[in-house]
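Here the protein sequences line up with chains A and B, keeping their order.
Each residue of the first sequence is one higher than the one before, starting from 529 at the first, in the numbering used here.
Each residue of the second sequence is one higher than the one before, starting from 556 at the first, in the numbering used here.
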Amino acid sequence: MKPFDYARVGSLDEALAAGAGGGRYIAGGTNLIDLMKLQVETPAMLVDIGRLALDGVEEIDGGGVRVGALVPNSDLAAHPLIRAHYPMLSRALLAGASAQLRNKASTAGNLLQRTRCYYFYETAAACNKREPGSGCDAIGGFNRIHAVLGTSASCIATHPSDMAVALRALDAVVVTALPDGEERRIALGDLHRLPGDTPEIETNLRPGELIVAIELPAPLPGRQLYRKVRDRASYAFALVSVAAAVAVENGVVTSARLAFGGLAPMPWRSAEAEAALVGRSAGTETFEAAAEALLKDARGYGHNDFKIVLARRTLIACLRDLTA
Amino acid sequence: MRITVNGEAREVEVDVRTTLLDLLREHLGLTGAKKGCDHGQCGACTVLVDGRRINACLSLAVMHEGDEVVTIEGLGTPDRLSPLQAAFLHHDGFQCGYCTPGQICSATAMLDEVARGWPSHVSDDLDHVVLDDAEIRERMSGNICRCSAYPTIVDAIRDVANAERLAEAAE
Numbered sequence: 529m530k531p532f533d534y535a536r537v538g539s540l541d542e543a544l545a546a547g548a549g550g551g552r553y554i555a556g557g558t559n560l561i562d563l564m565k566l567q568v569e570t571p572a573m574l575v576d577i578g579r580l581a582l583d584g585v586e587e588i589d590g591g592g593v594r595v596g597a598l599v600p601n602s603d604l605a606a607h608p609l610i611r612a613h614y615p616m617l618s619r620a621l622l623a624g625a626s627a628q629l630r631n632k633a634s635t636a637g638n639l640l641q642r643t644r645c646y647y648f649y650e651t652a653a654a655c656n657k658r659e660p661g662s663g664c665d666a667i668g669g670f671n672r673i674h675a676v677l678g679t680s681a682s683c684i685a686t687h688p689s690d691m692a693v694a695l696r697a698l699d700a701v702v703v704t705a706l707p708d709g710e711e712r713r714i715a716l717g718d719l720h721r722l723p724g725d726t727p728e729i730e731t732n733l734r735p736g737e738l739i740v741a742i743e744l745p746a747p748l749p750g751r752q753l754y755r756k757v758r759d760r761a762s763y764a765f766a767l768v769s770v771a772a773a774v775a776v777e778n779g780v781v782t783s784a785r786l787a788f789g790g791l792a793p794m795p796w797r798s799a800e801a802e803a804a805l806v807g808r809s810a811g812t813e814t815f816e817a818a819a820e821a822l823l824k825d826a827r828g829y830g831h832n833d834f835k836i837v838l839a840r841r842t843l844i845a846c847l848r849d850l851t852a
Numbered sequence: 556m557r558i559t560v561n562g563e564a565r566e567v568e569v570d571v572r573t574t575l576l577d578l579l580r581e582h583l584g585l586t587g588a589k590k591g592c593d594h595g596q597c598g599a600c601t602v603l604v605d606g607r608r609i610n611a612c613l614s615l616a617v618m619h620e621g622d623e624v625v626t627i628e629g630l631g632t633p634d635r636l637s638p639l640q641a642a643f644l645h646h647d648g649f650q651c652g653y654c655t656p657g658q659i660c661s662a663t664a665m666l667d668e669v670a671r672g673w674p675s676h677v678s679d680d681l682d683h684v685v686l687d688d689a690e691i692r693e694r695m696s697g698n699i700c701r702c703s704a705y706p707t708i709v710d711a712i713r714d715v716a717n718a719e720r721l722a723e724a725a726e
């Protein structure tokens, strides 16, 4: 690890002051410390926010739930409110990482974790995300785990989070504090950015901005699930994952939310696929049309071509199960 | 910094780059927790911090100022083994033994998570956990055993879980 300064802060104001001064926030640290060991990340200053009182899970007006930024992934998955009203979120969290990592990983940190693209991790490789302008060795390289939607000529890395996929389907809102103490609310779909020609910029957070909570709107109608397809039965990143909530009345889909992991540089939502479901009869033809809408712009890079077929089949299977 | 390890208050001076694992092994001489991958993938470094299992390799020592850490050395001693330590011996839940301290620390916390009703990826019902072999395997997936002693590791953990259940029923 490169040398760095470390400060543990005791209040939000202290944290924001340190963040405004260029400090890098650390909570669980399971991803950041890993990357620091490899010198992929070399922060000059770590601001440890781990002891701030941002670890509550509480009901809010309008029937939603507010989750503190520092709630560990394991606690959030097991929380009675999440289990009862947002089971796809519990399922997504439980499908991610290992128990040891979930115990340490925070809610906000999970959202901000970096890609697991092997060329991003390998400092001898070209990677525009790690070293802007150096190129992308994944394009034309080993790209079995890479994205098929939302990619650019600069970067085809996926966002690795399972939790974020469920939050995208749930229309979660990210609540932040700006360096001047002002609060900002960001729809989850506006938190992450597509790579374009600046893959090193992964979110729309401003310098020193700190996530303090995630708000979940009132529970969705109908049934919901999170399904993750991966190379191992446990402790592996998604090749394809689906967070879906579907309500059906008299055989007709009345509402649908669909978000996807493993396919794109950010938790992916497909309004077109949802539109292909709503108002149609819940059956194979409708489900195939939704998959078609999801994947019409998909592009494989060789080793990951299979993901397009896998995503289609996984989505259709999920929709069948939810409407059976 | 101050930290309590296996019930003993310690005061140590460390470089901020020191991981919790290196603090335990290199500064405090507690070599039970092992350095396998050093990237949170193998689980050999698993210790309990305030009762929760974590990868000691992916945490900075300074982040644990004031915390209570328990390592394999704190769970039991050769003449006073913890139930899981005894069960791993009885069932031969290892071959080379390198992953064993992590396995046992991990399993110790895992049984506590089950007692609190925490579901897992393989729980059919998020609100009702039955600790069968599939549950044990899923919950222990953060601990790799390259000798592949998994069948006997599961045997050992199942035994202790059953004994705890019987003891609870008897109360």
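In this text, a Cβ means the ideal position worked out from N, Cα and C, and glycines have one as well.
Does residue i pass the burial test, meaning 16 or more other C-beta atoms within 10 Å, or should it be called exposed?
i         : result
Ile-691/B : buried
Ile-658/B : It is worth fixing the name first, because residue 658/B is Gln in this sequence and not Ile. Buried, since its Cβ has 16 or more Cβ neighbours within 10 Å.
His-683/B : exposed
Gln-752/A : buried
Gln-640/B : buried
Gln-567/A : exposed
Thr-632/B : exposed
Gly-595/B : buried
Ser-703/B : exposed
Ala-662/B : buried
Glu-737/A : buried
Asn-732/A : exposed
Glu-711/A : exposed
Arg-760/A : exposed
Arg-720/B : exposed
Ala-722/B : exposed
His-720/A : buried
Thr-812/A : exposed
Are the beta-carbon atoms of residue i and residue j separated by less than 9 Å?
i         : j         : result
Asp-593/B : Lys-530/A : no
Gly-550/A : Val-740/A : no
Ser-626/A : Asn-698/B : yes
Arg-755/A : Val-770/A : yes
Ala-801/A : Ala-675/A : no
Ile-712/B : Met-665/B : yes
Ala-819/A : Ile-844/A : yes
Ala-766/A : Leu-850/A : no
Lys-632/A : Thr-704/A : no
Ile-836/A : Ala-826/A : yes
Tyr-829/A : Thr-679/A : yes
Thr-559/B : Asp-622/B : yes
Measure the C-alpha to C-alpha separation of residue i and residue j and round it to an integer number of angstroms.
i         : j         : result
Arg-565/B : Arg-557/B : 6 Å
Glu-816/A : Asp-718/A : 28 Å
Ala-546/A : Leu-560/A : 18 Å
Leu-640/A : Glu-659/A : 18 Å
Gly-789/A : Ala-606/A : 22 Å
Cys-655/A : Gly-669/A : 12 Å
Ala-543/A : Ile-577/A : 7 Å
Cys-846/A : Trp-673/B : 25 Å
Arg-733/B : Ser-675/B : Summary: the structure shown does not reach residue 733/B, with chain B confined to residues 556 through 726, and so no result is reported for it.
Asn-601/A : Leu-629/A : 8 Å
Thr-586/B : Val-624/B : 14 Å
Phe-649/B : Asp-710/B : 11 Å
Ala-535/A : Leu-574/A : 6 Å
Cys-664/A : Asp-634/B : 57 Å
Ala-689/B : Gly-661/A : 47 Å
Ala-718/B : Ala-764/A : 32 Å
Val-585/A : Arg-594/A : 6 Å
Cys-645/A : Gly-724/A : 17 Å
Glu-568/B : Leu-603/B : 21 Å
Ala-692/A : Tyr-553/A : 19 Å
Taking only three categories from DSSP, how would you classify residue i?
i         : result
Arg-552/A : strand
Asp-710/B : helix
Ala-718/B : helix
Lys-530/A : coil
Gly-789/A : strand
Gly-584/A : coil
Met-616/A : helix
Arg-671/B : coil
Ile-558/B : strand
Lys-756/A : strand
His-720/A : strand
Asn-610/B : strand
Cys-664/A : strand
Ser-661/B : helix
Spell out a yes or no on whether the region 604–611 of chain B and the region 573–585 of chain B are touching, meaning 3 or more CB-CB pairs, one atom from each, closer than 8 Å.
-> yes
Touch test, the region 677–693 of chain A against the region 793–802 of chain A, Cβ-Cβ under 8 Å, three pairs minimum | As far as the Cβ criterion goes, the region 677–693 of chain A touches the region 793–802 of chain A, which means the pair count is three or higher.
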